[in-house]
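> Residue numbers (the numbering used here), protein chains in the order written: chain A, 865 to 1307; chain B, 440 to 572.
Handing you a structure now.
Next up, the structure:
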């Protein structure tokens, strides 16, 4: 809303600036025409004097050069008069046009009544003609003065108009600048508040997640490592959970889950997942049954129809190294063996969507094998060009990482972070458990 | 001739006395020696036999002005004269905020030496020396 308003304010200001620019440009054009007319008028007066001087020069010297000069000045005078006329017509200065016509008529009369007789009979007494000449000259100068005055007044009026327009533009620009500035301040204040709220939510979420993430209980014949990295964006933090919980002497519950939502709500659901699964696991040993029971509890507890959970649950016998597991749509589960990395199959749909049975699978691990569980932040990680890592890429990373769980978890986190240019689109949780065969160890 | 000159001078002096209040506003003092010179483009000067005709010439139409020409002398630029009277702001112009003084003179050089008349303030150049510092 604020952004739209700012854009509108900016658009109005820019449009107004262009409008004013056009208006001022038009006024400057008019001023330019007036100034051209002023210059042309001065040239016209110079040509009038040239005509008179040429006539006087011929009378004094009888040199034909002066006659040529006179003819040239007459032709130039008529052309220049046309230039001034066009400028005055363009500006619709009708009073000045009338005076220009008078001026041109006077000059024409001067040619016939003064110049021509003087050139025809240069020897005769000049007194009367000189007086006529003087009268013409006085009146032409007076008429030119009048035209000058009109042009100067018009020019001054245009200059005043330009100044007024510039002043108005300045006031209007200042007003819009003030509005824009105020809007920006309000927008920033609003943005800061929202940002602060998001940061507070992120902090709350991370605090909740830290609180719900249990310390690993030492498991016999097992080496456990884990890592967690929150997403860069405030809005993407919250839905990952993992747990390693010792059920009895040899049996351990292994859990990793990813809630579809984000934020505080998702963080609370992760707590629900962790403690509900623990409770179920104390009564049931079959991972498929655990998921089925959790699915029912989840549907009854969480009312948000858009929330669902992908989850991997395993029960590891640390003596026999048997792993029984069930996967509700959670495909980021791998076993790293000496022969390579193997992806563990999904055995049912994600939780919170439908009532479906979940198959339990059994897997026997060998000495040195490592169970690597991750959330979708691993397989859906993207490089800078936007290319997704997928399961193949994740398996390749796991294979290239350390053989010990904690260094492996840390390396995976670091590599995924580097892949995206130190930007994490989603949370990423890694849980790695390396088993040791007790018989081999004893031996 | 000399009698006529004296008579004209007396008439001018009388006129000057009636315009005493205005005379003070003239730019040049009575008795000052001046040179007659029009504009650089048109330096000849009309000397009129009446200041009213001079004003009519300056303010009227061209045809009216031409009809008045027999009442004017056309003197060459550089002709010397002495100011005998002055009427401040007598000749107003449509195209100027400032009205010209009408200056009564007696010509003291050239072919019209001894003739009196009226000229515009703008056709007169003072011969006064600048005061010593």
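A virtual CB, placed ideally from N, CA and C, is assigned to each residue, including glycine.
Hey, could you find the ends of the alpha helix (DSSP H) residue 469 of chain B is sitting in?
No alpha helix (DSSP H) contains residue 469 of chain B, which DSSP labels as neither H nor E.
> Is there contact between the region 509 to 528 of chain B and the region 465 to 476 of chain B, where contact requires at least three CB pairs shorter than 8 Å?
Touching, yes, given that three or more Cβ pairs across the two stretches are closer than 8 Å.
> Tell me, please, whether the CB atom of residue 1001 of chain A is closer than 9 Å to any CB atom in chain B?
With 9 Å as the cut-off, residue 1001 of chain A counts as an interface residue toward chain B.
> DSSP on residue 569 of chain B, reduced to helix/strand/coil?
Caution is warranted here: a pLDDT of 49 is assigned to residue 569 of chain B, below 50, making its placement in the model unreliable, and the coordinate value is therefore given only provisionally. Here residue 569 of chain B sits in coil by DSSP.
> Looking at chain A, which residues of the region 474 to 504 of chain B have a Cβ within less than 7 Å of any of its Cβ atoms?
Those residues of the region 474 to 504 of chain B that come within reach of chain A (Cβ to Cβ, closer than 7 Å) are 480, 481, 483, 485, 501, 504.
> Leaving out five residues before and five after residue 911 of chain A in sequence, what residues of the same chain have Cβ atoms less than 8 Å from its Cβ?
Closer than 8 Å at the Cβ level, and outside the excluded window around residue 911 of chain A, lie 937, 940, 941, 944.
> Take residue 465 of chain B as the anchor and find which of B/542, B/548, B/484 has the nearest alpha-carbon.
Minimum Cα distance to residue 465 of chain B is reached at B/542.
> Going along the chain, which residues of its own chain have a beta-carbon closer than 6 Å to the beta-carbon of residue 1201 of chain A, five neighbours each way excluded?
1233.
> DSSP three-state label for residue 496 of chain B, please.
In this structure, residue 496 of chain B counts as helix in the three-state DSSP scheme.
> Take the Cβ of residue 566 of chain B as the centre, count every other Cβ of all protein chains shown within 10 Å, and call the residue buried at 16 or more, exposed below.
Per the 10 Å Cβ criterion, exposed.
> Starting from residue 1206 of chain A, trace the beta strand (DSSP E) both ways and give me its first and last residue.
Residue 1206 of chain A -> beta strand (DSSP E) spans 1204 to 1207.
> Would you list the one or two residues that DSSP bridges to residue 1124 of chain A?
Answer by DSSP bridge pairing: none, since residue 1124 of chain A is not bridged.
> For the region 1219 to 1226 of chain A against the region 1255 to 1269 of chain A, are there 3 or more C-beta pairs whose distance is under 8 Å?
As far as the Cβ criterion goes, the region 1219 to 1226 of chain A does not touch the region 1255 to 1269 of chain A, which means the pair count is below three.
> Closest by CA to residue 920 of chain A, which one among A/1197, A/985, A/905?
Nearest option by C-alpha distance: A/985.
> For a cutoff of 9 Å on Cβ pairs, would you count residue 1006 of chain A as touching chain B?
Judged by the 9 Å Cβ criterion, residue 1006 of chain A is in contact with chain B.
> Three or more C-beta pairs closer than 8 Å, one from the region 1018 to 1030 of chain A and one from the region 889 to 906 of chain A: is that the case here?
They touch, by the three-pair rule.
> Go through its chain and collect everything with a Cβ distance to residue 1312 of chain A's Cβ below 8 Å, but skip five positions before and after it.
The requested residue 1312 of chain A is not part of the displayed model; chain A covers only 865 to 1307.
> What residue range does the beta strand (DSSP E) around residue 523 of chain B cover?
Counting along the chain, the beta strand (DSSP E) containing residue 523 of chain B begins and ends at 518 to 530.
> For residue 947 of chain A versus residue 904 of chain A, is the C-beta distance shorter than 9 Å?
Yes, Cβ-Cβ distance for residue 947 of chain A and residue 904 of chain A is below 9 Å.
> Among the residues of its own chain, which have a CB less than 8 Å from the CB of residue 1048 of chain A, if the five just before and after it don't count?
So the list reads 870, once near-sequence residues are dropped.
> Suppose contacts are defined by Cβ-Cβ distances below 9 Å. Is residue 1179 of chain A in contact with residue 1236 of chain A by that definition?
For residue 1179 of chain A and residue 1236 of chain A, no; Cβs fall outside 9 Å.
> Could you please give me the residues that DSSP links to residue 546 of chain B through a beta bridge?
For residue 546 of chain B, which the question treats as bridged, DSSP gives the partners B/520.
> Considering only the alpha carbon of each residue, which of A/1303, A/1031, A/1166, A/1282 lies closest to residue 1231 of chain A?
Of the candidates A/1303, A/1031, A/1166, A/1282, the one whose C-alpha sits nearest the C-alpha of residue 1231 of chain A is A/1303.
> Cα-Cα, which of B/526, B/553, B/500, B/547 is closest to residue 1004 of chain A?
The shortest C-alpha separation from residue 1004 of chain A is found at B/500.
> Check for me: the beta strand (DSSP E) holding residue 1157 of chain A runs from which residue to which?
Unbroken run through residue 1157 of chain A is the alpha helix (DSSP H), 1151 to 1165; no beta strand (DSSP E).
> Excluding the five sequence neighbours on either side, which residues of its own chain have a C-beta within less than 7 Å of the C-beta of residue 463 of chain B, listed in chain order?
Since pLDDT at residue 463 of chain B reaches only 49, below the 50 mark, its modelled position is unreliable, and the value read off the structure follows with that caveat. Taken in chain order, the list of residues that qualify is empty.
> Just the Cα atoms here: how many angstroms apart are residue 559 of chain B and residue 530 of chain B?
Their backbone Cα atoms lie some 8 Å apart in a straight line.
> When you compare the CB of residue 909 of chain A with every CB in chain B, is at least one pair closer than 9 Å?
True, the Cβ-Cβ gap to chain B drops below 9 Å.
> If we call anything under 9 Å between Cβ atoms a contact, is residue 1241 of chain A one with residue 1095 of chain A?
Cβ atoms of residue 1241 of chain A and residue 1095 of chain A: closer than 9 Å.
> Please list the partners that residue 991 of chain A has in chain B, where partner means a Cβ-to-Cβ separation under 8 Å.
Within chain B, the residues near residue 991 of chain A are 513.
> Find out if the Cβ-Cβ distance for the pair residue 1273 of chain A, residue 1090 of chain A is shorter than 9 Å.
Yes, the pair counts as a contact, with Cβ atoms nearer than the cut-off.
> Along the chain, where does the beta strand (DSSP E) containing residue 1280 of chain A start, and where does it finish?
Unbroken run through residue 1280 of chain A is the alpha helix (DSSP H), 1269 to 1283; no beta strand (DSSP E).
> With three or more beta-carbon pairs closer than 8 Å as the criterion, would you say the region 1160 to 1167 of chain A touches the region 1108 to 1117 of chain A?
No, the region 1160 to 1167 of chain A does not touch the region 1108 to 1117 of chain A.
> Which two residues bound the contiguous alpha helix (DSSP H) that contains residue 965 of chain A?
Taken as a continuous stretch (DSSP letters only), the alpha helix (DSSP H) holding residue 965 of chain A covers 958 to 974.
> Going along chain B, which residues have a C-beta under 9 Å from residue 994 of chain A?
Within chain B, the residues near residue 994 of chain A are 483, 513.
> Determine, using beta carbons only, whether residue 1284 of chain A and residue 1246 of chain A come nearer to each other than 9 Å.
In contact: residue 1284 of chain A and residue 1246 of chain A (Cβ atoms closer than 9 Å).
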